[in-house]
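**Q**
2 protein chains.
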Amino acid sequence: MNPCSIPTPQQDMEGDGRWNSIHNRFLSDAKGKDADVIFIGDSILQALEHTEVWNQWFAPLHCLNFSIHKDQTQNVLGRIKNGEWDHVDPKVIVVHVGTNNVENTAEEICEGIIEIIKTIREKHPSAYIVLPSLLPRGQYPNGLRDKNSKINRLLHEKVSNINKVEMVLIDKGFVQSDGTISHHDMHDYLLPSNAACRKAFEPIYDLLQQIWSEGEPEKDLTPSE
Amino acid sequence: MNPCSIPTPQQDMEGDGRWNSIHNRFLSDAKGKDADVIFIGDSILQALEHTEVWNQWFAPLHCLNFSIHKDQTQNVLGRIKNGEWDHVDPKVIVVHVGTNNVENTAEEICEGIIEIIKTIREKHPSAYIVLPSLLPRGQYPNGLRDKNSKINRLLHEKVSNINKVEMVLIDKGFVQSDGTISHHDMHDYLLPSNAACRKAFEPIYDLLQQIWSEGEPEKDLTPSE
Ligand SMILES: [Ca+2]
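Each protein sequence line maps, in turn, to chains V and D. For reference, each letter of the first sequence is one residue, going 2 to 226 in this note's numbering. For reference, each letter of the second sequence is one residue, going 2 to 226 in this note's numbering.
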């Protein structure tokens, strides 16, 4: 059985129960909230929430961010299956996870992401699912960077014919011509800086706006307004 | 032998060599830089560098920040011994490390920090060493939180009589009356938010300013000014 597709809490390696605290907060946070967009995933989206870009672009769109540092596909799957936002009715769900599955193959990770998409689809049949591609990582070329590229290719093939699932390539422009990633773009060679988030997540922002305008047909029916 | 006091690179658990990339960048960054203050340590100080507080208070004081997510005492010790800022002549060095030594005892960790202080003293005999106390962690009371308190007590005893070493208590106000830490202060129950950094690091900022004024005795000699 593929470990990436089995809903699992993140292991409390350090012993202060922080993952569980965060998951429980998300469970209660989502109740009574009127979120149009949900971001769910790993460190990359979690870091995004602490940038100017988030405050400027995403917060005003009524976005909630349910992302946890170090989460792997099976952890995100576990949180969704455990009802993290059963009480929310989002129009769009943005998912970025897989880069932390360092011990799994690209195929396993891709399957894990597909399982997340299926689970979201069951719970929110009419929501758009947006998949920013996995970002490259490490200053120099390395196996994890290659694997993330492969996951992006595999995932793109799998989802391209699924209705209301859009994969958006956000990973271009990070790797320079000499193969390195600059610390200006990723200070720790994993998390994008504010400036890099602005470049990388602009297509996501554009897509959200496009879904907004297409997603409000009642306005088209009142041309006099 | 105490593992906290043996200079060691952070293990490349994920396999993309990011710790080494960051250490090497610090090695080359420090050359030719005229830093008056060096921050060195772990995730807490690393997160500080990405707050408004850093830009407002610390960046203008010519601070360099050599902190790496997840670093333990032995990793910081290794970086210093490997010459990370041999070419810099700072007036003040701010050290915060130990909360990631989850597998070690308070006594071992305290010894590791003392070893860091000794090493800094050898390399920079006239620099002030400032030790912000370790912050509490976890939403609920837990063993790591207790251990950090104990490290703070032990360290305070050990350094209180050392000249030009100042321990500053920055850990008050995080734990609420019911024993919990709010996600407003620490979104992941480990890293302080911008607002919490403002409260916690104000005494550090005050001390830096005090060292500044005391460190320029020539001004006291010109009372007419
Ligand atoms: Ca599609």
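Note that beta-carbon positions come from the ideal geometry of N, C-alpha and C, so glycine has one too. Because the structure is a prediction, the values reported are computed rather than measured.
1) Select from the segment 15 to 31 of chain V all residues with a C-beta closer than 8 angstroms to any C-beta belonging to chain D, and list them in chain order.
2) Do V237 of chain D and V54 of chain D have their C-beta atoms within less than 8 angstroms of each other?
3) Between V89 of chain V and chain D, is there a C-beta pair that is closer than 8 angstroms?
4) Taking the alpha carbon of H88 of chain D as the reference point, which residue from D:H125, D:K119, D:N101 and D:T106 has its own alpha carbon closest?
5) With 8 angstroms as the threshold, decide whether the Cβ of R146 of chain D is near any Cβ in chain V.
6) Give the interface partners of R138 of chain V over in chain D, defined as CB-CB distance under 7 angstroms, in chain order.
7) If you reduce the DSSP assignment to three classes, tell me which class H185 of chain V lands in.
8) Check this for me: beta carbons of S127 of chain V and I171 of chain V, under 8 angstroms apart or not?
9) Which whole-angstrom value is the C-beta distance of V98 of chain V and D43 of chain V, which I expect to be below 8 angstroms?
10) If you scan the segment 82 to 115 of chain V from start to end, which runs of the beta strand (DSSP E) of 3 or more residues do you find wholly inside it?
11) From E108 of chain V to K148 of chain V, what distance separates their C-alpha atoms?
12) Quick check: the segment 109 to 121 of chain V against the segment 78 to 93 of chain V, are there 3 or more CB pairs under 8 angstroms?
13) Give me the chain V residues within the contact set of H97 of chain D, using Cβ-Cβ distance strictly less than 8 angstroms, ordered along the chain.
14) For I314 of chain V, which residues does DSSP report across the bridge?
15) With a threshold of 8 angstroms on Cβ separation, who are the neighbours of E112 of chain D within its own chain once the five nearest residues in sequence on each side are excluded?
16) For Y190 of chain D, which residues in chain V fall below 9 angstroms Cβ to Cβ?
17) Counting C-beta neighbours from all protein chains within 10 Å, is the total for K92 of chain V 16 or more, i.e. buried, or is it exposed?
18) Do D189 of chain D and H70 of chain V have their beta-carbon atoms positioned less than 8 angstroms apart in this structure?
19) Along the chain, which unbroken stretches of the beta strand (DSSP E) at least 3 residues long are found entirely within the segment 52 to 78 of chain V?
20) Are the C-beta of H185 of chain V and some C-beta of chain D separated by less than 8 angstroms?
21) With DSSP collapsed to three states, give me the class of I41 of chain V.
22) My assumption, with CB atoms under 8 angstroms, is that R138 of chain D sits in contact with T106 of chain D. Please give the rounded CB distance.
23) Hey, could you find the ends of the alpha helix (DSSP H) P204 of chain V is sitting in?
24) Give the straight-line distance between the Cα atoms of S178 of chain D and Y141 of chain D, rounded to the nearest whole angstrom.
25) Sorted by chain position, which residues of the same chain lie with C-beta nearer than 6 angstroms to N56 of chain V's C-beta, five sequence neighbours on each side aside?
26) Taking the alpha carbon of E116 of chain D as the point to measure from, which residue in D:D37, D:N143 and D:T74 has its own alpha carbon closest?
27) With a threshold of 8 angstroms between beta carbons, is P4 of chain D in contact with chain V?
28) Can you find the residues in the same chain that come closer than 7 angstroms, C-beta to C-beta, to K34 of chain V, ignoring five residues on each side of it along the sequence?
29) For N143 of chain D, go through chain V and note every residue whose CB falls closer than 8 angstroms to its CB, in chain order.
30) In the DSSP assignment, what are the bridge partners of V176 of chain V?
31) Tell me, please, whether the CB atom of V103 of chain V is closer than 8 angstroms to any CB atom in chain D?
32) Could you check the C-alpha separation between R26 of chain D and Q210 of chain D for me, to the nearest Å?
33) Which residue wins for smallest C-alpha separation from G18 of chain V, given the options D:L145, D:R19 and D:V169?
34) Quick one: residues in its chain with C-beta nearer than 7 angstroms to the C-beta of K165 of chain V, no 5 flanking neighbours on either side, listed in chain order?
35) Taking the C-alpha atoms as reference points, what is the distance between S194 of chain D and N21 of chain V?
36) List the residues of chain V that H157 of chain D touches, going by C-beta distances under 9 angstroms, in chain order.
**A** On the basis of the data shown:
1) E15, G16, D17, G18, R19, S22, I23 and R26
2) An answer regarding residue 237 of chain D cannot be provided, because it is not within the stretch 2 to 226 covered by chain D.
3) Taking the first sequence and counting its residues from 1, the one referred to as residue 89 of chain V is at position 88. Closer than 8 angstroms: no.
4) Working through the second sequence from its first residue, we reach residue 88 of chain D at position 87. Of the candidates D:H125, D:K119, D:N101 and D:T106, the one whose C-alpha sits nearest the C-alpha of H88 of chain D is D:H125.
5) In the second sequence, the residue the question calls residue 146 of chain D occupies position 145. Output row for R146 of chain D: interface = yes.
6) Position 137 of the first sequence, counted from the start, is the residue given in the question as residue 138 of chain V. Ordered by position in chain D, the residues that pass the 7 angstroms Cβ test against R138 of chain V are D17.
7) Here the question's residue 185 of chain V lines up with position 184 in the first sequence. Coil at H185 of chain V, not helix or strand.
8) On the first sequence, position 126 is the one that residue 127 of chain V refers to. On the first sequence, position 170 is the one that residue 171 of chain V refers to. Against a cut-off of 8 angstroms, the Cβ pair of I171 of chain V and S127 of chain V comes out as no contact.
9) As a working note, residue 98 of chain V is residue 97 in the first sequence. As a working note, residue 43 of chain V is residue 42 in the first sequence. About 5 angstroms; that satisfies the 8 angstroms criterion.
10) 93 to 97
11) Translated into the one-based positions of the first sequence, residue 108 of chain V becomes position 107. Translated into the one-based positions of the first sequence, residue 148 of chain V becomes position 147. When rounded, the distance between both Cα atoms is 9 angstroms.
12) yes
13) Here the question's residue 97 of chain D lines up with position 96 in the second sequence. Near H97 of chain D there are no residues of chain V at all, since even the closest Cβ is about 17 angstroms away, more than 8 angstroms.
14) The structure shown has nothing for residue 314 of chain V, since chain V only spans 2 to 226.
15) Here residue 112 of chain D is taken as the residue at index 111 of the second sequence, counted from 1. Result list for E112 of chain D: N3, C5 and S6, in chain order.
16) Position 189 of the second sequence, counted from the start, is the residue given in the question as residue 190 of chain D. In chain order: D17, G18, R19, S22 and I23.
17) Here residue 92 of chain V refers to the residue found at position 91 of the first sequence. Buried: at least 16 other Cβ atoms inside 10 Å.
18) The residue you call residue 70 of chain V lines up with position 69 of the first sequence. The residue you call residue 189 of chain D lines up with position 188 of the second sequence. In this structure, D189 of chain D lies closer than 8 angstroms to H70 of chain V by Cβ.
19) 64 to 68
20) For this step, residue 185 of chain V is matched to residue 184 along the first sequence. Not closer than 8 angstroms to any Cβ of chain D, the Cβ of H185 of chain V fails to qualify, so no.
21) Residue mapping note: residue 41 of chain V aligns to position 40 of the first sequence, counting from 1. Of the three classes helix, strand and coil, the one that applies to I41 of chain V here is strand, per DSSP.
22) The residue given as residue 138 of chain D occupies position 137 in the second sequence. The residue given as residue 106 of chain D occupies position 105 in the second sequence. Not confirmed; about 17 angstroms, so no contact.
23) Taking the first residue of the first sequence as position 1, residue 204 of chain V is located at position 203. Looking at the DSSP string, the run of the alpha helix (DSSP H) that includes P204 of chain V is N195 to E215.
24) Counted from its first residue, the second sequence places residue 178 of chain D at position 177. Counted from its first residue, the second sequence places residue 141 of chain D at position 140. One C-alpha to the other measures close to 11 angstroms.
25) Residue 56 of chain V sits at position 55 when you count from the first residue of the first sequence. No residues qualify anywhere along the chain.
26) Residue 116 of chain D sits at position 115 when you count from the first residue of the second sequence. Ranking D:D37, D:N143 and D:T74 by Cα distance to E116 of chain D puts D:T74 first.
27) Taking the first residue of the second sequence as position 1, residue 4 of chain D is located at position 3. No, P4 of chain D lies away from the interface with chain V (no Cβ there is under 8 angstroms from its Cβ).
28) In the first sequence, counting from the first residue as 1, residue 34 of chain V sits at position 33. Counting only Cβ-Cβ distances below 7 angstroms, and skipping sequence neighbours, we find L65 and V89.
29) One-based indexing of the second sequence puts residue 143 of chain D at position 142. Neighbours of N143 of chain D on chain V, chain order: G16, D17 and G18.
30) In the first sequence, the residue the question calls residue 176 of chain V occupies position 175. Partner(s): V:I182.
31) Within the first sequence, residue 103 of chain V is the residue found at index 102, counting from 1. Judged by the 8 angstroms Cβ criterion, V103 of chain V is in contact with chain D.
32) Indexing the second sequence from 1 puts residue 26 of chain D at position 25. Indexing the second sequence from 1 puts residue 210 of chain D at position 209. Approximately 28 angstroms, taken between the alpha carbons.
33) For the purposes of this step, residue 18 of chain V is taken as residue 17 along the first sequence, with counting starting at 1. Among D:L145, D:R19 and D:V169, the Cα nearest to that of G18 of chain V belongs to D:L145.
34) For the purposes of this step, residue 165 of chain V is identified with residue 164 of the first sequence, where counting begins at 1. Here the set comprises Y129 and I130.
35) Position 193 of the second sequence holds residue 194 of chain D. Position 20 of the first sequence holds residue 21 of chain V. For S194 of chain D and N21 of chain V, the distance between alpha carbons rounds to 19 angstroms.
36) Here residue 157 of chain D is taken as the residue at index 156 of the second sequence, counted from 1. Those within 9 angstroms of H157 of chain D in chain V number zero; the least Cβ separation is about 23 angstroms.
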